[in-house]
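Trainee:
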Amino acid sequence: MLVLSLIVSFLNLFLFVLFTILLITKYLCYPDRWKSLIRNPVTSLFAGCFPMAGTTLINVAVQVVHTRYHVGGKGFLYFIWSMWWLDIVVSLLCCWLGVNAMFVYQKHTLQTMSATWLLPIVTLIVAASSGGIIGQALVQYSATYALNTVVVSVFLVVVGLTFALMILTIYLLRLILHGLPPGASLLSVFLPLGPTGQSGYAILLAGQNFRILFPPLSDVSQLIRLGTHENSVGVIVDIICTCSAFLLWSIATMWLLYAVLAIYTGLGNSVIPYRISFWGLVFPNTVYANLTIQLANAFDSRAFRVWGSIYAAGSLILWLSLFLRSVWELKIFFIAHEESPSTATAQIPVQYTSSGSSFSQHRSTGNMSSHSTEISPHRIETSPQSTETSTIKYP
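Reading the sequence shown from the start, the letters are residues 1 to 395 in UniProt numbering.
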């Protein structure tokens with residue numbers, strides 16, 4: 001499984017670098033497109049997916065490449081740490097500037113509101129969970145750097161979760177007043193699992209880090225010094241964070257049940273055609289499965305472990321089905337592109353007759369039936385012909 005994860009991660013890295021280069025090239029060549037992106041009330045929301053894609057690479061680099069295979073050592077970890085700080089800057093820009101653009105440059109209504117409003121906000125929560133992973137790896141080199149990383153992560157998750165809960169309240173009001181989103185937008189009902197599930201995971205990691213980090217730094221704070229001997233402060237913080245993670249898991253489970261009911265009642269027997277936006281289902285479902293498994297380890301609960309394994313398997317099947325369908329759609333696109341030049345354009349002669357003199361001209365047409373056209377000073381009359389020659393007579 002580790003080898004498979006590395007293969008997928010390197011593919012992810014290749015695609016991330018490729019699309020980043022294409023994106024930079026696009027806005028360098030067409031700088032006016034940036035203004036249109038900011039003013040677009042739908043497309044601008046997906047800008048938050050960019051830093052979230054970067055955090056997946058950071059997590060794999062820390063957990064698998066550095067911690068599991070011990071590649072790179074201290075220098076490699078510090079490089080990944082610097083990339084995390086850069087990712088935070090981009091996440092903050094997506095959150096604050098993105099929400100400010102919704103205030104100033106875009107027009108939104110409660111009826112058109114959807115759960116995609118969460119995308120600029122979730123960037124902070126995802127960066128916070130990545131900081132928790134980096135903090136666990138940094139503690140062997142510098143407890144101070146690790147503590148700073150965890151503290152910043154807590155700040156990010158608190159701000160992101162506060163924003164997310166506000167938007168989820170508005171989204172619930174929208175569902176009550178205007179009903180379920182139409183068509184393929186109905187699948188956005190799964191998006192609330194993203195901020196709730198990922199926030200729980202980030203807070204759980206913060207508690208685990210504080211349990212380890214407080215003893216080495218116990219001489220810094222009077223509050224922490226109270227539990228120097230038995231590390232009672234670190235244990236208490238870890239317990240509070242674990243309970244908070246379970247609370248967020250409960251909220252995520254509530255939204256999951258609402259999402260399943262929405263799909264059942266909203267779709268019925270209808271089928272939604274495949275769209276690239278279906279990939280948005282992967283993140284919220286996988287983070288919910290991840291939080292469930294982490295809580296199973298924290299509580300040593302068989303029920304959480306079984307439910308998390310089932311949901312993780314379902315998320316993997318979802319990812320595989322979307323991957324295969326995307327490859328199939330891409331194959332169809334290239335086949336259609338290759339066949340399009342072979343569609344010959346019919347060249348039919350057109351004979352013009354004017355004042356006794358006539359000349360012929362070839363005209364390109366698709367699958368058009370030929371006809372004879374007679375032009376008078378007042379009207380044009382057309383009549384079907386069995387030949388492919390059109391004769392135009394001028395009086």
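The beta-carbon is built from N, C-alpha and C at its ideal position, and this holds for glycine as well.
Does DSSP put Asp238 in a helix, in a strand, or in coil?
Mentor: Reduced to three states, the DSSP call for Asp238 is helix.
Trainee: For Arg325, does the count of other Cβ atoms within 10 angstroms reach 16, so buried, or fall short, so exposed?
Mentor: The residue in question, Arg325, is exposed, as its Cβ has fewer than 16 Cβ neighbours within 10 Å.
Trainee: Across the region 99–119 and the region 33–44, are there enough close Cβ pairs to call them in contact, namely three or more that are closer than 8 Å?
Mentor: A contact exists between the region 99–119 and the region 33–44.
Trainee: Comparing alpha-carbon positions, which option in Gly234, Pro182 and Leu291 lies nearest Ser270?
Mentor: When each option's Cα is compared against that of Ser270, the closest is Pro182.
Trainee: State buried or exposed for Val139, treating a residue as buried only when at least 16 other CB atoms are found within 10 Å of its CB.
Mentor: By the 10 Å Cβ count, Val139 comes out buried.
Trainee: Rounded to a whole number of angstroms, what is the C-alpha to C-alpha distance between Phe50 and Ala127?
Mentor: Whole-angstrom Cα-Cα distance: 12 Å.
Trainee: CB-CB under 7 Å to Gln294, same chain, minus the five flanking residues each way: which ones, in chain order?
Mentor: Here the set comprises Tyr201 and Leu204.
Trainee: Are Leu248 and Ser199 closer than 7 Å when you measure CB to CB?
Mentor: Yes; because the gap between Cβ atoms is below 7 Å, this pair is in contact.
Trainee: Using only the alpha-carbon positions, how far apart do Ser372 and Ile332 sit?
Mentor: With a pLDDT of only 38 at Ser372, under 50, the local geometry of the prediction cannot be trusted, and the value read off the model is given with reservation. One C-alpha to the other measures close to 40 Å.
Trainee: Please go through the same chain and pick out, in chain order, the residues whose beta-carbon is closer than 6 Å to the beta-carbon of Arg275, but skip the five residues on each side of it.
Mentor: Correct list, in chain order: Ala184.
Trainee: Out of Leu186, Ile134, Arg174 and Ile170, which one is the CA nearest neighbour of Asn209?
Mentor: Measuring from the Cα of Asn209, the nearest candidate turns out to be Ile134.
Trainee: So is Ala313 buried or exposed if we call it buried at 16+ other beta carbons inside 10 Å?
Mentor: Ala313 comes out exposed.
Trainee: Counting Cβ pairs, one atom from each stretch, are 3 or more of them under 8 Å apart for the region 113–123 and the region 66–79?
Mentor: The region 113–123 vs the region 66–79: no contact.
Trainee: Measuring only the C-alpha atoms, how far is Thr196 from Ser91?
Mentor: Cα-Cα distance, rounded: 18 Å.
Trainee: Helix or strand or just coil, what does DSSP make of Pro182?
Mentor: Reduced to three states, the DSSP call for Pro182 is coil.
Trainee: Starting from Trp84, trace the alpha helix (DSSP H) both ways and give me its first and last residue.
Mentor: Unbroken alpha helix (DSSP H) run through Trp84: Gly73 to Leu92.
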